[in-house]
Each structure stands twice: as C-alpha cells, then as structure tokens.
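In my numbering, the protein residues as written are 64 to 453. Each remark here refers to the structure printed beneath this line.
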Amino acid sequence: MTHSNENGKGQGQDFATWLIHFGKEIDAATGASSVPIYQASTFHHFDLDRPPAHDYSRSGNPTREALEQYIAVLEGGTNGFAFASGMAAISTAFLLLSAGDHVIVTEDVYGGTYRLLTTVLNRLQIDSTFVDMTDFDQIVAAKRPNTKAVFVETPSNPTLKITDIGRVASWAKENGLLTMLDNTFMTPYHQRPIELGIDLVIHSATKFLGGHSDVLAGLIVTADEALGRRVKQLQNGLGTVLSTQESWLLIRGMKTLQVRMAESERGAARLAAWLQAHPAVSRVYYPGLEDHPGREIHERQSRGYGAVVSFDTGSGERARRLLGRVKIPLVAVSLGAVESILSYPAMMSHAAMPPEVRLERGITDGLVRYSVGLEDVQDLIDDLAQALAE
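What follows is the structure in structure tokens.
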C-alpha cells in the first residue's frame, strides 16, 4: 500500500521502504548505517554569536531528533516528539488545554488516560466527558460552550470499539476543536489518522512500535507546524523527554514494524475465529470478525485489524483460572511485543477505573486481553484450549 507523505519521503514507495529509509538512517558525518547514540547532556558553543543546533539534550538531542523525524515520516505529519512514556506523551497533549477547558473522550479509553483526566487534570480545572464514540450523536451532544478538544481511541482499549475518524475530525474542524487520537493499537502501518483530518496523533511506543518489551516511550506527531511549535514548547518546558539510549532502541525496533505487525495480525485473526467458536467464551472483541459492529468503518480507515483480541470468559473466577493455567503468553500489563501477552484489564490496565465505571463500559471481571506475538499460532491455540478446559 502506497501513502503520500508531506515530508518528501515515500513518494511512490511502500510503507516497508519508509521503515528502513526515513531520512536519518545513515549518519551524515560518518556514513554509519545505524543512528549514533549521542550520549551527551550538553554541547559546546564554538561561537557565541552563532548558537549551535544543539545546546542541551532536554531541548534537543540528535539521536532523539532522528527518532522524532522517523515517526513524523511514518504518520505523514510535520513534527514528531519523543517522550519518556506513553503517559508522558498523553499528558503533554492534554496540557495544550487550559483551566476551564472541556474535552470529549472515548468512554472505554486506556485506564491511565482515564486516571489522568479524573484525578489530575480535573484538579487543574480541565473537565472531561466520556462518551460512546461509536454513536456520533453522543459526541455532538457532549459539546459545551467551553469544549476545546476531542480525544479519540480507536480501536478502543480493551473492547476494541471503532470510531469513525474522518467524521469526527470533520465535525471537530467545523466547530474549531482540536482532535487528538491514540494510535497505539494500529500504528501508522495500519492507520494514519492525520490523513483523515486528525490534528495530533499519540503513541505508547512501548507497545508495537518498540515491539520487544524493552523500551518505555511515548510519541506525538502533529499535522501542522504551528501545533508542532506548541508541543515543542511543552516538551522542552516539562522536560519529559525520551533518553538517548531508548531513542536508539526504539528506532531499531521500528525498522521491523511491518513484518512483526503482519505476522501478529495473521495469528490474531486465527485466534479470534477459534475463540468465537469456543463454548467457554461468551464474547470475542476483534475488528476482523465479520460480526464486529464497527468492521465496515474500520476497514474504511485502516488497512488491517491489528494483533489484539479481547474476550470474555464469563466471570472473574474463570478469567483468573485461565490466567493461572496458560503456559506461553506473559501474564502482564502492556501489549505489542514479540512475545504474546495476556492481560487482565480489571486488575491491570483499567484498575484505575471504579468497578461500576468499568462495567458500564463493558470491561467485565471476565474480560481478558490477548496481544498476539510471534509464536506459532497453533501453539497459542493449543495452550488456550487446555487453559479453558473445565
């Protein structure tokens, strides 16, 4: 699949080529095939009348900047920014708002985002309303005179609900609202929200972009230079930047994004179909299933279904038994790695949500989330079969 790109990379080229040839892949000074790790906190000023390109690594480091250009190219944006974690990126994005502002948010959003909005930003008088974004009318109805932004997560975490990105972005522009979208599950390999009208894209790069459970990182890409300048000011002012070593590790991980995502998605599709036919599973959430209510919209805005499958075992007792019996996947928080990860949202990613709030959003005590890795999928299925057996 060929994408257009405002940065000049990839004209007539496929995404796989961009992943390897993103503009900073060869060191201009030495010709090195790997971006150098500039392990320096500060930089010498050779001429006080001519400030250097870099003076302090919080404000700019060549290794981090290579990564930031890399993600901007992949997302088709103007500016990229790297942060110390996904939540650091999300927090920075929300700090584009001011006291007294209001934001409309996907209701079954990642638990850390929910916690930030309801326990931190509310104290700063930034208010939020959570709505089911599969129902466009709910989004429109949630708008207030002080609404300044819309925060979208699609597919949502962990019930994989689908929001019509283009429709929301168009409505937001008509109403002068900033749009922000968490693209962690899909990555730019599957979904490029800026091309659909979104202003700012966010990633927990800890997940699929890093891909190896060894990096904690967050990324932001902006659709225009003016917004990029505002994010840069926040990044520099807050100081929540990604370290040089982790910037380099993330660059290395991203080079294999396509082959990892493609293989994991093949496994996820098979696993989802198998789970849907299993008598011990009451419901399966995966956009690639024919009966998924958001499949048609998802296929219009994404070129794949991803590698995350959520399913309901029917009760907390059954979910705990499953988690104790599986032998292959990690039982852990996070997702998007070469190894499969089985997570229990009620006690892990969404533990910050009160039980009644979780249940309203379909995050039951029996729900588990499976991030499919690169293991043989039949081995994963056989493992789940023994774990689900009565």
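The C-beta atom is built at its ideal place from N, Cα and C for all residues, glycine as well. All values reported here derive from a predicted model rather than from experimental measurement.
Does DSSP put Ile-189 in a helix, a strand or coil?
Along the sequence shown, one-based indexing puts residue 189 at 126. In the three-state DSSP reduction, Ile-189 falls in the coil class, being neither helix nor strand.
Neighbourhood of Ile-257 by C-beta distance below 8 Å, restricted to the same chain and skipping five residues each side:
Translated into the one-based positions of the sequence shown, residue 257 becomes position 194. Glu-138, Gly-139, Gly-140, Val-264, Val-284 and Ala-286, listed in sequence order.
Let me know the secondary structure DSSP gives Lys-211 once reduced to three states.
Against the sequence shown, residue 211 aligns to sequence position 148. Strand, per DSSP.
Assigned secondary structure, Ala-286 (DSSP; H/G/I helix, E/B strand, else coil):
The residue labelled residue 286 in the question sits at position 223 within the sequence shown. Coil at Ala-286, not helix or strand.
Can you list, in chain order, the residues of its chain whose CB lies under 6 Å from that of Val-344, leaving out five sequence neighbours each side?
Numbered from 1 along the sequence shown, position 281 holds the residue referred to as residue 344. Only Leu-338 and Phe-374 meet the Cβ criterion.
Cβ contact (3+ pairs, closer than 8 Å) linking the region 81-100 and the region 121-137
At 8 Å Cβ cutoff, the stretches touch.
Just the Cα atoms here: how many angstroms apart are Leu-447 and His-107?
Counting from one through the sequence shown, the residue named residue 447 turns up at place 384. Counting from one through the sequence shown, the residue named residue 107 turns up at place 44. When the Cα atoms are used, Leu-447 and His-107 turn out to be separated by approximately 57 Å.
Measuring alpha carbon to alpha carbon, tell me which of Gln-441, Pro-418, Leu-398 and Glu-402 ends up nearest Arg-432.
Counted from its first residue, the sequence shown places residue 432 at position 369. Check the Cα spacing between Arg-432 and each of Gln-441, Pro-418, Leu-398 and Glu-402: the tightest is with Leu-398.
Less than 7 Å between the beta carbons of Val-278 and Leu-312, yes or no?
Counting from one through the sequence shown, the residue named residue 278 turns up at place 215. Counting from one through the sequence shown, the residue named residue 312 turns up at place 249. Yes, the Cβ-Cβ distance between Val-278 and Leu-312 is below 7 Å.
What are the start and end residues of each continuous alpha helix (DSSP H) run of 4 or more residues lying completely inside the region 124-189, in chain order?
Here the runs fully enclosed are 125-138, 149-157 and 174-178.
Which word fits Tyr-119, buried or exposed, when buried means at least 16 other C-beta atoms lie within 10 angstroms of its C-beta?
Numbered from its first residue, the sequence shown carries residue 119 at position 56. Residue burial annotation: Tyr-119 is exposed, with fewer than 16 other C-beta atoms found within 10 angstroms of its C-beta.
Is the Cβ-Cβ distance between Ile-225 and Gly-357 less than 7 Å?
One-based indexing of the sequence shown puts residue 225 at position 162. One-based indexing of the sequence shown puts residue 357 at position 294. Yes, the pair counts as a contact, with Cβ atoms nearer than the cut-off.
The region 269-276 in contact with the region 315-328 per 3-pair CB rule at 8 Å:
Yes, the region 269-276 touches the region 315-328.
Taking Leu-241 as the reference, give the member of Gln-308, Val-166 and Met-150 with the closest Cα.
As a position in the sequence shown, residue 241 is number 178, starting the count at 1. It is Val-166.
Tell me which residues share the same chain as Pro-115 and place their Cβ nearer than 8 Å to its Cβ, disregarding the 5 neighbours each side in the sequence.
Along the sequence shown, one-based indexing puts residue 115 at 52. The beta carbon of Pro-115 is closer than 8 Å to those of Phe-106, His-107, His-108 and Phe-109 in its chain, skipping five residues each way along the sequence.
Got a sec, what are the start and stop residues for the alpha helix (DSSP H) Asp-445 sits in?
Counted from its first residue, the sequence shown places residue 445 at position 382. Counting along the chain, the alpha helix (DSSP H) containing Asp-445 begins and ends at 440-451.
Is Tyr-368 helix, strand or coil by DSSP?
Position 305 of the sequence shown, counting from 1, holds the residue named residue 368. Three-state result, Tyr-368: coil.
Beta-carbon proximity check, Ala-340 vs Val-435, cutoff 7 Å:
Position 277 of the sequence shown, counting from 1, holds the residue named residue 340. Position 372 of the sequence shown, counting from 1, holds the residue named residue 435. No; because the gap between Cβ atoms is not below 7 Å, this pair is not in contact.
Under the three-state reduction of DSSP, which class applies to Thr-80: helix, strand or coil?
One-based indexing of the sequence shown puts residue 80 at position 17. Three-state result, Thr-80: helix.
Who pairs with Ile-404 in a beta bridge, going by DSSP?
Against the sequence shown, residue 404 aligns to sequence position 341. For Ile-404, the pairing in a beta bridge is given by DSSP as Leu-393 and Ser-434.
Counted within 10 angstroms of its Cβ, other Cβ atoms place Ile-83 as buried (16 or more) or exposed:
As a working mapping, residue 83 is identified with position 20 in the sequence shown. Ile-83 counts as exposed, since fewer than 16 other beta carbons sit within 10 angstroms of its beta carbon.
Where DSSP assigns a beta bridge to Ser-373, which residues make up the other side?
Along the sequence shown, read from residue 1 onward, the residue named residue 373 stands at position 310. In the DSSP output, where bridge partners are listed per residue, Ser-373 has Tyr-348 and Arg-432.
Hey, how far is the Cα of Gln-74 from the Cα of Thr-247?
Here the question's residue 74 lines up with position 11 in the sequence shown. Here the question's residue 247 lines up with position 184 in the sequence shown. In this prediction, Gln-74 scores a pLDDT of 45, lower than 50, which makes its location untrustworthy; the coordinate-derived value is nonetheless stated afterwards. Approximately 25 Å, taken between the alpha carbons.
I need the straight-line Cα distance from His-66 to Gly-316, nearest angstrom please.
Position 3 of the sequence shown, counted from the first residue, corresponds to residue 66. Position 253 of the sequence shown, counted from the first residue, corresponds to residue 316. Note on His-66: pLDDT 40, under 50, position unreliable in the model; the coordinate value appears next. If I take the Cα positions, the gap works out to 21 Å.
Going by beta carbon distance, what residues of the same chain come within less than 7 Å of Glu-453, once the five residues before and after it are set aside?
Along the sequence shown, one-based indexing puts residue 453 at 390. Correct list: empty, nothing qualifies.
For Ser-191, which residues of its own chain have a beta-carbon under 6 Å away from its beta-carbon, when the five flanking residues on both sides are left out?
In the sequence shown, residue 191 corresponds to position 128, counting from 1. Around Ser-191, the same chain offers Val-166, Val-168 and Leu-180 as residues with beta carbons nearer than 6 Å, after the five sequence neighbours per side are excluded.
Give every residue of the same chain whose Cβ lies closer than 8 Å to the Cβ of Val-304, excluding the five residues on either side of it in the sequence, and list them in chain order.
As a first step, residue 304 must be located in the sequence shown, where it is residue number 241. By the criterion of a C-beta distance shorter than 8 Å, Val-304 is surrounded in its chain by Ser-120, Arg-121, Asn-124, Arg-127, Ala-145, Phe-146, Ala-147 and Gln-298, once the five residues flanking it on both sides are discounted.
Minimum C-alpha distance to Gln-308 - residue among Thr-93, Ala-162, Ser-104 and Gly-351
On the sequence shown, residue 308 is found 245 positions in, with the first residue counted as 1. The shortest CA-to-CA distance from Gln-308 to any of Thr-93, Ala-162, Ser-104 and Gly-351 is the one to Ser-104.
When the Cα of Leu-259 is compared with those of Ala-156, Val-231 and Leu-282, which residue comes out closest?
Residue numbering aside, residue 259 sits at position 196 when the sequence shown is read from its first letter. Measuring C-alpha to C-alpha distances from Leu-259 to each of Ala-156, Val-231 and Leu-282 identifies Val-231 as the nearest.
From the DSSP output, read off the bridge partner residues of Gly-281.
The residue labelled residue 281 in the question sits at position 218 within the sequence shown. Looking at the DSSP assignment, Gly-281 forms a beta bridge with Phe-146 and Ser-267.
Could you tell me the distance, in whole angstroms, from the CA atom of Ser-378 to the CA atom of Gln-296?
Counting from 1 along the sequence shown, the entry for residue 378 is found at position 315. Counting from 1 along the sequence shown, the entry for residue 296 is found at position 233. Distance between the alpha carbons of Ser-378 and Gln-296: 47 Å.
Beta carbon of Val-440, beta carbon of Gly-330: below 7 Å?
Stepping through the sequence shown from its first residue, residue 440 is reached at position 377. Stepping through the sequence shown from its first residue, residue 330 is reached at position 267. Yes, the Cβ-Cβ distance between Val-440 and Gly-330 is below 7 Å.
Neighbourhood of Asp-442 by C-beta, 8 Å cutoff - its chain only, sequence neighbours within 5 removed:
Within the sequence shown, the letter at position 379 stands for residue 442. Excluding positions up to five away in sequence, the list reads Ile-391.
Given a threshold of 16 other Cβ atoms within 10 Å of its Cβ, counted over all protein chains shown, does Asn-68 qualify as buried or as exposed?
Taking the sequence shown and counting its residues from 1, the one referred to as residue 68 is at position 5. Annotation note: pLDDT 42 at Asn-68 (below 50); position unreliable, coordinate value reported separately. By the 16-neighbour rule on beta-carbons within 10 angstroms, Asn-68 is buried.
CA-to-CA distance, Arg-178 to Pro-408, given in whole angstroms:
By 1-based counting over the sequence shown, the position of residue 408 is 345. By 1-based counting over the sequence shown, the position of residue 178 is 115. In a straight line, the C-alpha of Pro-408 is about 14 Å away from that of Arg-178.
Please name the residue, chosen from Ser-161, Met-150, Gly-175 and Gly-149, that lies closest to Ala-414 on a Cα-to-Cα basis.
Your numbering for residue 414 matches position 351 in the sequence shown. Closest by alpha carbon: Gly-175.
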